[in-house]
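So the sequence lines, in the order shown, correspond to chains G and P.
Residue 44 in our numbering is what sits at position 43 of the first sequence, and the numbering runs on without skipping anything.
Residue 116 in our numbering is what sits at position 115 of the second sequence, and the numbering runs on without skipping anything.
All C-beta atoms, glycine included, are put in the ideal place defined by N, C-alpha and C.
Remember, predicted model here, so these are calculated numbers, not experimental data.
2 protein chains.
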Amino acid sequence: MRFSVQAEEALRRGGRRITPMRRALLLLLEEKKPLGPRELHRELRRRGVLVDRVSVYRNVATLLSLGLVHRVLGSTAVRPCAQRSPSCHHAIVCTSCGAAREFRSGAVEKALAALRVRAPGFVVQGHLLELRGLCQRCTA
Amino acid sequence: MRFSVQAEEALRRGGRRITPMRRALLLLLEEKKPLGPRELHRELRRRGVLVDRVSVYRNVATLLSLGLVHRVLGSTAVRPCAQRSPSCHHAIVCTSCGAAREFRSGAVEKALAALRVRAPGFVVQGHLLELRGLCQRCTA
DNA sequence: GCGTAGATGCAACAGAGTTGCATCTAGAAA
DNA sequence: TTTCTAGATGCAACTCTGTTGCATCTACGC
Chain G
2 MRFSVQAEEA
12 LRRGGRRITP
22 MRRALLLLLE
32 EKKPLGPREL
42 HRELRRRGVL
52 VDRVSVYRNV
62 ATLLSLGLVH
72 RVLGSTAVRP
82 CAQRSPSCHH
92 AIVCTSCGAA
102 REFRSGAVEK
112 ALAALRVRAP
122 GFVVQGHLLE
132 LRGLCQRCTA
Chain P
2 MRFSVQAEEA
12 LRRGGRRITP
22 MRRALLLLLE
32 EKKPLGPREL
42 HRELRRRGVL
52 VDRVSVYRNV
62 ATLLSLGLVH
72 RVLGSTAVRP
82 CAQRSPSCHH
92 AIVCTSCGAA
102 REFRSGAVEK
112 ALAALRVRAP
122 GFVVQGHLLE
132 LRGLCQRCTA
């Protein structure tokens with residue numbers, strides 16, 4: 002299912018409203034690479050959606066709190082998350098253009114799960130994992 | 002070998018100088034949990050090392066560029082890196098007190114290496130991995 | 001259509017990090 | 001030891017990002 006449609010449903014379920022600016026924001030996230038609040042604000046204005054910066058910040062925070070988007074590690078950019086499962090935290094990000102895609106790997110998940118009982122002196126609660134690479138377009 | 006000693010050598014090799022503030026900074030990084038530039042600045046002043054904030058920023062940047070410290074994911078805090086190998090990027094961070102420790106796992110490294118040839122449409126260059134958990138002291 | 005909880009706009013603020021430039025000094029060389 | 005200089009530091013001003021408080025507006029359930 003399309004991200005924006007799914008996200009609108011989740012917003013409704015969470016007692017949130019569907020406003021013109023939220024629609025525009027969701028469409029933007031769906032079609033572009035991960036963007037941070039400032040970039041989202043710029044892009045929205047470029048498209049004629051004259052919203053306040055603060056509102057963009059608040060909406061990004063809302064989407065994050067509902068788990069509809071995840072941050073790209075080491076930046077404020079967010080990427081849509083379709084699956085809403087633990088594995089959706091695993092993504093690969095293009096170091097050249099910033100494009101991102103989620104991936105799954107049974108082997109990695111298994112190896113990480115095994116660590117939970119083996120990290121000396123620590124009780125493992127979770128992990129952050131992100132691959133870095135070049136997307137097809139940037140490789141060519 | 003102690004981190005601060007090793008770091009001083011690396012600085013010398015890189016044509017950098019050993020100043021009183023660098024010594025204090027390295028000792029601080031060695032003995033404490035990961036701290037960001039602002040916290041490092043506060044702590045140094047508390048210890049009577051009256052340096053400028055800007056100098057702390059510049060020194061943290063220097064240490065990062067030499068690979069002597071790594072950032073904790075999702076923050077500006079840096080932790081000393083003893084090994085200077087790719088695996089030193091793997092750390093576990095206590096979500097309660099912020100303490101960090103590097104770890105190695107053959108299984109994880111193998112699984113990640115296998116991904117390099119399997120990520121569809123991407124040429125994998127590297128990865129970011131960090132475990133989150135509770136350290137021994139915070140568990141008790 | 002109403003009423004209201006939730007969303008937005010606006011203004012002011014807080015905090016992090018950067019830049020430019022003058023001054024100082026660690027460390028090498030004489 | 002003294003001298004020299006690239007590299008380090010201090011200081012001031014600035015930019016950029018993100019936050020808070022409050023008044024106004026509106027999506028949407030009734």
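Q.
7 Å is my cut-off, CB to CB: does Phe123 of chain G come that close to chain P?
A. With a threshold of 7 Å between beta carbons, Phe123 of chain G makes contact with chain P.
Q | Beta carbon proximity, Leu135 of chain P to chain G, threshold 7 Å | A | So, interface residue.
**Q.** Within-7 Å CB hit, Glu131 of chain G to chain P
**A.** Yes, Glu131 of chain G lies at the interface with chain P (some Cβ there is under 7 Å from its Cβ).
Q) If you measure from the beta carbon of His128 of chain P to each beta carbon in chain G, is any gap under 7 Å? A) Interface residue, yes.
Q) How big is the Cα-Cα spacing for Ser66 of chain P and Arg13 of chain G? A) For Ser66 of chain P and Arg13 of chain G, the distance between alpha carbons rounds to 46 Å.
**Q.** Beta bridge counterpart(s) of Val124 of chain P as assigned by DSSP
**A.** DSSP lists G:Leu135 as partners of Val124 of chain P.
Q. Taking 7 Å as the CB-CB limit, is Thr77 of chain P close to chain G?
A. So, not an interface residue.
Q. Does the beta carbon of Ser97 of chain G come closer than 7 Å to any beta carbon on chain P?
A. By this cut-off, Ser97 of chain G is not an interface position.
Q: For Arg3 of chain G, count neighbouring Cβ atoms within 10 angstroms of its own Cβ and tell me buried if that reaches 16, exposed if not.
A: Counting every other CB atom within 10 Å of its CB across the protein chains shown gives Arg3 of chain G a total below 16, marking it as exposed.
Q) Who are Val94 of chain G's beta bridge partners in DSSP? A) Paired residues: G:Ala101 and G:Arg133.
**Q.** Val79 of chain P, enclosing beta strand (DSSP E) - first and last residue
**A.** That run of the beta strand (DSSP E) goes Val79 to Pro81.
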